[in-house]
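As structure tokens, the structure follows; a few thoughts come after it.
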Amino acid sequence: MKKRLMIMTVFTLFFYSGSAMAVIGIKLGVVTKPGSAQNIVAEKFKELIEQRSNGNIQVQIFHSNSIGNETEILQQIQMNTVQMGIITAGPFDTFDPIVRVINYPFLFKDHEQADKILDGPLGAKVLKSLERAGFKGLCFSENGFRDLTNNRHPVKSPDEIKGLKIRVMASALHNAIWQALGANPTPIPWPIYTELEQGVIDGQENPLWVMEVYKFYEIQKYMTLTRHVYSPHIDVVSLKWWKTLDSKTQDLIQTTLYDAAVFQREDNRSKNTARLTFLKEKGLQVEENPDIDAFRTRVAGLKDMDLYSEPRVQALLIEMLNATR
Ligand code: EAX
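Counting from 1, position 43 in the sequence shown corresponds to residue 42 in numbering that gives the first Met the number 0; the numbering is continuous, with no gaps.
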């Protein structure tokens with residue numbers, strides 16, 4: 000509470016600084032540490048918007064859990080004690096089930112398809128829907144395609160997943176995916192190094208950059224390139240706050256955030272080959288050709304589950320599955 004009050008006070012000082020050109024202060028939250036995908040978007044946005052607004056918009060980045068985990072950051076954005084966040088799509092699940100559509104397993108074939116869909120009308124529908132939960136979704140950046148790591152044994156097919164304790168994000172869909180694959184899914188908010196190290200969980204799933212930046216090669220033995228979910232970030236602002244801005248400022252923020260997102264996606268993708276080499280050198284044993292068909296078969300029933308039963312969610316899922324076929 001104390002922390003939130005402080006954030007509000009600093010913001011108020013910023014915003015009502017009394018000068019003719021009132022400076023707009025933005026508190027931006029990410030759960031991850033510098034060097035992470037979310038931080039790269041945040042830092043790029045800060046740099047560009049401060050430049051393009053001639054310093055009239057100022058961004059303060061809160062990172063490394065300093066204002067809580069991703070669910071807690073989203074709650075603060077709803078209340079407008081934090082204005083902006085670069086947040087993994089997974090944890091939006093508890094705020095609006097529509098995000099289960101873009102997190103659907105094996106939905107996107109590749110980055111090009113993900114960009115085309117998410118930057119297009121279907122992605123816009125997802126962003127628009129978030130308004131009912133108090134968010135204004137501006138665009139998508141990326142965590143990336145998620146891969147599995149574990150400490151027990153090599154995994155080539157879902158048969159080897161049976162009984163593994165796999166950490167999942169705060170997301171009913173992610174939970175259901177790992178249940179369908181035969182694991183014991185365990186929801187734990189980010190970060191999870193200690194839980195992996197102490198053996199509370201056997202494994203986790205995240206894009207390659209995470210294994211490198213968070214040094215999971217120190218505490219995990221096996222990696223499988225499952226690419227089971229393409230994991231975007233949703234680059235989001237407080238709807239309450241957004242409504243206080245004039246349209247020129249809104250346009251500038253929207254365009255600049257999109258530029259930062261595109262920069263980050265390219266940056267992330269350009270590093271994946273080197274990351275894989277690095278992780279192998281560090282001793283991770285990598286299964287590069289898992290039996291993806293077997294994985295797909297196990298999760299095929301998800302679209303008929305209660306997770307997607309809300310008519311608007313079901314309708315968008317069908318549209319999305321058709322568009323990515
Ligand atoms: O980027 O909690 C997670 O697994 C997320 O991917 C996290 O934000 C790391």
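Each residue gets a CB set at the ideal place from its N, CA and C atoms; glycine is no exception.
Predicted model, so just to flag it, every value in this text is computed and none were measured.
query                                                                                                        : result
DSSP state of S18 mapped onto helix, strand, coil                                                            : With a pLDDT of 42 at S18, under the threshold of 50, the modelled position of that residue is not reliable, and no figure is offered here.
Distance CB(I97)-CB(S128) smaller than 8 Å                                                                   : yes
Given R145 as reference, the closest of L27, R268, L320, M319 once Cα atoms are compared                     : R268
Outcome for S140 when other beta-carbon atoms lying within 10 angstroms are tallied against a minimum of 16  : buried
Cβ-heavy atom distance, M168 to the ligand EAX, below 7 Å                                                    : yes
Where the alpha helix (DSSP H) containing V58 begins and where it ends                                       : Taken as a continuous stretch (DSSP letters only), V58 belongs to no alpha helix (DSSP H), being part of the beta strand (DSSP E) at 56-61.
Segment contact flag, the region 230-237 with the region 85-92, C-beta cutoff 8 Å, min 3 pairs               : yes
Beta-carbon proximity check, M168 vs G89, cutoff 8 Å                                                         : yes
At least three beta-carbon pairs within less than 8 Å, the region 39-48 to the region 258-272                : yes
Through-space distance from Q203 to M319, alpha-carbon basis                                                 : 27 Å
Reference N55; option with closest CA among G24, G133, L283, L315                                            : G24
Other residues of its chain near T11: CB distance less than 6 Å, five sequence neighbours each side excluded : Any reading at T11 is ruled out, since the residue's pLDDT is 45, under 50, leaving its predicted position unreliable.
V326 in three-state terms, based on DSSP                                                                     : Here the chain comprises residues numbered 0 to 324, so residue 326 is not present and cannot be evaluated.
The region 183-202 contacting the region 119-139, beta-carbon criterion three pairs below 8 Å                : no
Assigned exposure category for M304 - 16 Cβ within 10 Å defines buried                                       : exposed
Beta-bridge partners of D146, as assigned by DSSP                                                            : N205
A354 to P231 span [Cα, whole Å]                                                                              : Because residue 354 is not part of the residues shown, which for the chain are 0 to 324, the question remains open.
Per DSSP, the bridge partner or partners of Q284                                                             : Y221
CB of K45 within 8 Å of CB of V58, strictly                                                                  : yes
Of the listed residues Y307, D250, V228, nearest to G143 (C-alpha basis)                                     : V228
Residue environment, A19, which counts as buried when at least 16 other CB atoms sit within 10 Å             : The predicted model places A19 with a pLDDT of 48, which falls under 50 and marks its position as unreliable, so this point remains unresolved.
N267 Cβ short of 7 Å to the ligand EAX heavy atom set                                                        : no
Beta-carbon spacing of I218, L244 below 8 Å                                                                  : no
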